[in-house]
Every structure is written in structure tokens, then in C-alpha cells.
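Residue numbers (full-length UniProt numbering): 1 to 339.
Glycine is no exception: its CB is placed at the ideal position from the N, C-alpha and C atoms.
These numbers come from a predicted model, not from an experiment.
Following this line, the structure appears as C-alpha cells:
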């Protein structure tokens, strides 16, 4: 077996593993759609918990948008994601609830951040967009104090909702942890989550692999693999899946062995139902919880990372470019990524 044939076989095996993991995750999500339901009372309550209502629904919508973008319309994944996205939109009253929230909390950013996922898929509500456009033109909106990565989220939401950006994204990037190109040994869990979302906002959730400045992309190419390995060693499955999604959003994928090992680890953490817990036993020997609250996000991230990774592998195969690594050798033909 030649080196080129061996690389193709390795990539094909990884793609099959990724697809198996993503298929199982999407099946679990579909089977638990009822737990993403948005209760009108809780969603609009002054003392309601946004993290238990709008956040899960918004994350479901965003992942469905990503899966649709990265799959062919004939793919069963595409159909499943479309069905779930329609369910999520229906939960918002076809967008009407966004206008209700806007009236109750005019300067809250989370309604726009959730709405932007739907808007990017062509699901829009004219009344809400008119109200949001009015608020986002104010000095109060521009001056709201936010964490730097949250500011990027709002800017990307404005962009996806076709609203004028109140700040340039490159400027906002340099205020974030990742934008400062920090010493790699300062990476820890909270930094990991901020950097993943910075990448998601800059690449529009993996759609634009050229969305990162060259210095940031180069920095991540060097340091993402060891950070990913650290998370896998500690059974941080949720963060590991987000890092895998970041890896698939870079101009070049990591080395094939990095992807193969990481996805094998995710597979070991995923149970027969398709659920992936946020964390596992880890070095602290903690027992992983397998409730909806402790599995839904990591399972969503598994489906998201799988869809983006498979799309990149297909793209590399079609273009004849190397699927991963830095050897620069073209991938051999005739070794299609499994459907």
C-alpha cells in the first residue's frame, strides 16, 4: 500500500466513524425534541430562566442550520435537521415570540442571537426585525457592556439578521482571549469555550473557513491539537466536540491521526441511544450524568462537529487537496467519503 493510498484509507475510516457518531447524535436529538419545547409562560416570564428555555431552543436551531448547510438535500441528515428546524421555529410562534420578548426586554441581546440562527435559514419575522433595527441604532445598544466574545456573537447576529453592525468584527476580535494570541499554556476550560465561540462567530459557524485572520488560523493550527488532547484525556466531551468543530472550520484540517483518535474517543463516550455526556469520569473519577440537561448540548455539538468535518472531508476529496495535515500531497482519487 502506498503512502497516498494509506492516507485515503485512514481518512475514509475516520469519515465512517464521524458519520456514525453524527447519525446517532442526530437520532437522539430527534427523539428528544419534546424536551426543547418553549413554554410561552417561562419564555416571557420576567424571572424566567433563559438558560433553560431560549438557550436550548436556540442551540437546537443553530445546529440544525449547520447540518442543513453542510449536507446534501438528499441526505437523511438534511431532512432530519429541516424537520427539527421547522419544529423550533414553530415553538417561537413563527417568530412572533421574539417581538414579545423585544417589547419586554428591549436591550436584551439573547433574542437577536437566537433569532439570527433562524434568519440565516430564511425564517424571518418582519415585525421583530423592525423593532430590533430601531433598538440597534441607539447609543444604548452600542454602549452595552459585554464580554468580548459575547460582543462578537451580537455582531455576527446583526450580520446574519441583515442589520448594520455597530462595530467592526476584526476590532472586536482583538479584545478576546484568542485574538490576543495568548501563551498556549494559559488554556483552560473557560478559555476553551470562549475561543470556540469566537471561531464560530468569525466563520459563521463553519461556513466560511477563510473567516479567521491568518495569524489566528496559524496559532490554532499549532495549538488546537494539544488542547483537544488535553480535553479528551480529562473526558471533557462537550468542549472536545466544540474544538473538533473549530478544527473543521480552519483553512486546513488537523493531521488525520488527530481526527481519528479524537473521534474514536467521542465514540467511546457516546452511549447506545446516541447521547454524549458533557463530561465523563475524568481524572477526578466523577460519574457522568446522563440527563437531558447534561447531555443535550454535548450531543448537539457532536452532530455539529460531525456535519462540518464530513463536509470538509468531502470538499478535500472533490478538490483533490490533501484532506488534512501539512504534507501538501494530493489525496488519491476513487476513495470517496461514505455517505
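Task: Start-end ranges of the alpha helix (DSSP H) lying completely within the stretch 209-274, minimum 4 residues - done: For the stretch 209-274, the full-length alpha helix (DSSP H) segments reaching 4 residues or more read 214-233, 237-247, 256-269 along the chain.
- [ ] Could you tell me the distance, in whole angstroms, from the CA atom of residue 164 to the CA atom of residue 158?
- [x] Spanning the two alpha carbons is a distance of roughly 7 Å.
Task: Other residues of its chain near residue 28: CB distance less than 7 Å, five sequence neighbours each side excluded - done: Closer than 7 Å at Cβ, skipping near neighbours: 273, 274, 275, 299.
Task: Simplified DSSP assignment, three categories, for residue 69 - done: Collapsing the DSSP output to three states places residue 69 in a helix.
- [ ] Give the range of the alpha helix (DSSP H) segment to which residue 77 is assigned.
- [x] Run containing residue 77: 76-91, per the alpha helix (DSSP H) assignment.
TODO: Mind reading off the beta-carbon distance from residue 65 to residue 121? Whole number of angstroms is fine, and I expect it under 8 Å.
DONE: That pair is a contact at about 5 Å.
Open item on the list: DSSP three-state label for residue 56, please.
Closed with: Residue 56: helix per DSSP, three-state reduction.
Open item on the list: For residue 326 and residue 254, I'd like the C-alpha separation in whole angstroms.
Closed with: Note that residue 326 scores a pLDDT of 40, beneath 50, so its modelled location is shaky and nothing firm can be said.
Task: Under 8 Å between C-beta atoms of residue 251 and residue 210 - done: Yes, the pair counts as a contact, with Cβ atoms nearer than the cut-off.
TODO: Note down, in chain order, each residue of its chain lying with its Cβ closer than 7 Å to the Cβ of residue 412, except the 5 sequence neighbours on either side.
DONE: Examination of residue 412 is not possible in this model, given that the chain is present from 1 through 339 alone.
TODO: Would you check if the distance between the CB atom of residue 82 and the CB atom of residue 68 is smaller than 8 Å?
DONE: Result yes, Cβ atoms of residue 82 and residue 68 sit closer than 8 Å.
- [ ] May I ask you to report which of helix, strand or coil DSSP gives residue 185?
- [x] Correct three-state label for residue 185: helix.
Task: Beta-carbon gap between residue 294 and residue 278 smaller than 8 Å - done: The Cβ atoms of residue 294 and residue 278 lie closer than 8 Å to each other.
- [ ] Let me know if residue 107 comes out buried or exposed under the rule of 16 or more other beta-carbons within 10 Å of its beta-carbon.
- [x] Exposed.
Task: residue 180 versus residue 213: straight-line alpha-carbon distance, rounded - done: Put simply, the backbone Cα of residue 180 is about 12 Å away from that of residue 213.
Task: Local conformation of residue 170 per DSSP, three classes - done: Looking at residue 170 - three-state DSSP - the assignment turns out to be helix.
- [ ] Can you tell me which of 189, 271, 199, 162 puts its alpha carbon nearest to the alpha carbon of residue 173?
- [x] Here the closest residue by C-alpha is 199.
Open item on the list: Considering only their Cβ atoms, is the gap separating residue 80 from residue 30 smaller than 8 Å?
Closed with: With respect to residue 80, residue 30 sits close: the two C-beta atoms are nearer than 8 Å.
TODO: Could you spell out the range, first to last residue, of the alpha helix (DSSP H) harbouring residue 98?
DONE: From DSSP, the alpha helix (DSSP H) with residue 98 extends over 96-104.
TODO: Answer with buried or exposed for residue 237, where buried requires no fewer than 16 other C-beta atoms within 10 angstroms of its C-beta.
DONE: Buried, because 16 or more other Cβ atoms sit within 10 Å of the Cβ of residue 237.
Task: residue 279 in three-state terms, based on DSSP - done: When secondary structure is reduced to three states using DSSP, residue 279 falls in the coil class, being assigned neither helix nor strand.
Open item on the list: Closest to residue 95 by C-alpha separation, out of 263, 130, 73, 259, would be which residue?
Closed with: Across the set 263, 130, 73, 259, the C-alpha of 130 shows the shortest separation from the C-alpha of residue 95.
TODO: Apply the 10 Å Cβ neighbour rule to residue 162 and answer buried if 16 or more other Cβ atoms are within range, or exposed otherwise.
DONE: Here residue 162 is exposed. Its C-beta has fewer than 16 other C-beta atoms within 10 Å.
Open item on the list: Could you tell me the alpha carbon to alpha carbon distance between residue 220 and residue 16, rounded to whole angstroms?
Closed with: Residue 220 and residue 16: Cα-Cα distance of roughly 25 Å.
Open item on the list: Quick check: residue 223 and residue 256, are their CB atoms within less than 8 Å of each other?
Closed with: Going by C-beta atoms, residue 223 is not nearer than 8 Å to residue 256.
TODO: Output the boundary residues of the alpha helix (DSSP H) element that contains residue 158.
DONE: Unbroken alpha helix (DSSP H) run through residue 158: 148-160.
Task: Three-way DSSP call (helix, strand, coil) for residue 384 in this model - done: Here the chain covers residues 1 to 339 and nothing more, so residue 384 does not appear.
- [ ] Measure from the C-beta of residue 145 to each C-beta in chain B and report whether the shortest distance is under 8 Å.
- [x] The chain labelled as chain B is not found in the depicted structure, where only one protein chain is given.
- [ ] Classify residue 104 as buried or exposed, calling it buried when 16 or more other Cβ atoms lie within 10 Å of its own Cβ.
- [x] The residue is exposed, with fewer than 16 neighbouring Cβ atoms inside 10 Å.
Task: Contacting residues, own chain, Cβ-Cβ under 7 Å from residue 303 (five flanking each side not counted) - done: Excluding sequence neighbours, residue 303 sits near 22, 25, 26, 29, 63, 67.
Task: Span of the alpha helix (DSSP H), counted from its first residue to its last, around residue 129 - done: Its alpha helix (DSSP H) spans residues 126-136.
Open item on the list: Does residue 37 come out as helix, strand or coil in the three-state DSSP assignment?
Closed with: Assigned with DSSP and collapsed to three states, residue 37 falls in coil, not helix or strand.
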